[in-house]
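> Questions regarding the structure given below will be posed in turn.
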Amino acid sequence: MQKVKKAIYPGSFNPFHSGHKEVLKKALKIFDEIYILVAQNPDKEKNDIKQNIKNIKLQINELQNVFIIENHKNKLTADIAKEMNINFLIRSARNNADYSYEFQLASINKSINNKLETILIIPDNQFLKYSSTEIRKIKEKNV
Numbered sequence: 029m030q031k032v033k034k035a036i037y038p039g040s041f042n043p044f045h046s047g048h049k050e051v052l053k054k055a056l057k058i059f060d061e062i063y064i065l066v067a068q069n070p071d072k073e074k075n076d077i078k079q080n081i082k083n084i085k086l087q088i089n090e091l092q093n094v095f096i097i098e099n100h101k102n103k104l105t106a107d108i109a110k111e112m113n114i115n116f117l118i119r120s121a122r123n124n125a126d127y128s129y130e131f132q133l134a135s136i137n138k139s140i141n142n143k144l145e146t147i148l149i150i151p152d153n154q155f156l157k158y159s160s161t162e163i164r165k166i167k168e169k170n171v
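See the structure below:
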C-alpha cells in the first residue's frame with residue numbers, strides 16, 4: 029500500500045484569495061492531502077481566525093482532499109506537522125523578498141522539526157501581484 033503524501037499549508041490568509049487557491053491547486057498535483065493551518069502572524073494585523081476559516085471553506089468547497097486544521101491552540105506549525113506526521117510544508121514566493129523570508133522561515137522550521145521539508149510554489153504570473161495585506165487595505169478603503 030502506497031503511503032499518503034500529506035502537506036501542511038500555513039498562513040494568516042487574511043483574507044484568503046485566488047492566489048492562495050492557485051497555490052493549493054498546484055500543491056494538489058504533488059500531494060494526496062493538504063491541511064490548511066490558519067494562524068495568527070505576530071508581525072501582521074490581528075485577524076479573526078474563525079471568520080477566515082469560514083471564508084476559506086466557502087472558497088475551497090470544490091477541492092478534494094483539502095482539510096482545515098482547527099483548534100491548534102497556538103502551537104508552532106513545525107510542531108503541528110510533527111504531531112500529524114506531515115513532512116512537507118507548502119509556501120509560496122512571489123518575489124525575492126518573499127523568497128528570502130521563506131528561506132529563513134524554512135531554516136527555523138527545520139531546526140524545530142528536522143523531518144519537515146519546505147516546498148516553495150511559485151504562483152502563475154497573474155497571481156504575482158496578490159498580497160493579503162494589500163487586498164485587506166483596498167477592502168478597508170472601499171467599505
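Per the numbering used here, the sequence shown starts with residue 29, numbered consecutively.
Cβ coordinates follow ideal geometry from the N, Cα and C atoms, glycine included.
1) When you compare each of H48, V32, Q68 and E50 to S40 by their alpha carbons, which one comes out closest?
2) Can you tell me which of the three DSSP states I114 falls into?
3) Determine the contact status of I64 and Y37, defining contact as a CB-CB distance below 8 angstroms.
4) Since L52 and I88 should fall inside the 8 angstroms C-beta cutoff, what is the C-beta to C-beta distance between them, to a whole number of angstroms?
5) Buried or exposed, going by whether 16 or more other CB atoms sit within 10 Å of the CB of V94?
6) Indicate whether L144 and N115 have their beta-carbon atoms separated by less than 8 angstroms.
7) Contact defined as beta carbons within less than 8 angstroms: I believe A35 pairs with I147. What is the distance between those atoms, to the nearest angstrom?
8) Going by CA-CA distance only, name the one from N141, I77 and I149 that's closest to K101.
9) Given a cut-off of 8 angstroms, decide if T105 and N137 are closer than it, judged by their beta-carbon atoms.
10) With I58 as the anchor, note down where its alpha helix (DSSP H) starts and where it stops.
11) Counting C-beta neighbours from all protein chains within 10 Å, is the total for N113 16 or more, i.e. buried, or is it exposed?
To lay it out plainly:
1) For the residues H48, V32, Q68 and E50, the minimum Cα distance to S40 belongs to Q68.
2) Residue state, collapsed to three classes: coil.
3) Cβ distance < 8 angstroms, so I64 and Y37 count as in contact.
4) In this structure, L52 and I88 form a Cβ contact; the two beta carbons are roughly 7 angstroms apart against a cut-off of 8 angstroms.
5) Flag for V94 reads buried.
6) In this structure, N115 lies closer than 8 angstroms to L144 by Cβ.
7) Contact holds; Cβ gap of about 7 angstroms.
8) Taking only the C-alpha atoms, the option nearest K101 is I77.
9) The answer is yes: Cβ separation under 8 angstroms.
10) First-last for I58: undefined, no H or E at that position.
11) By the neighbour-count rule (16 or more Cβ atoms within 10 Å), N113 is not buried but exposed.
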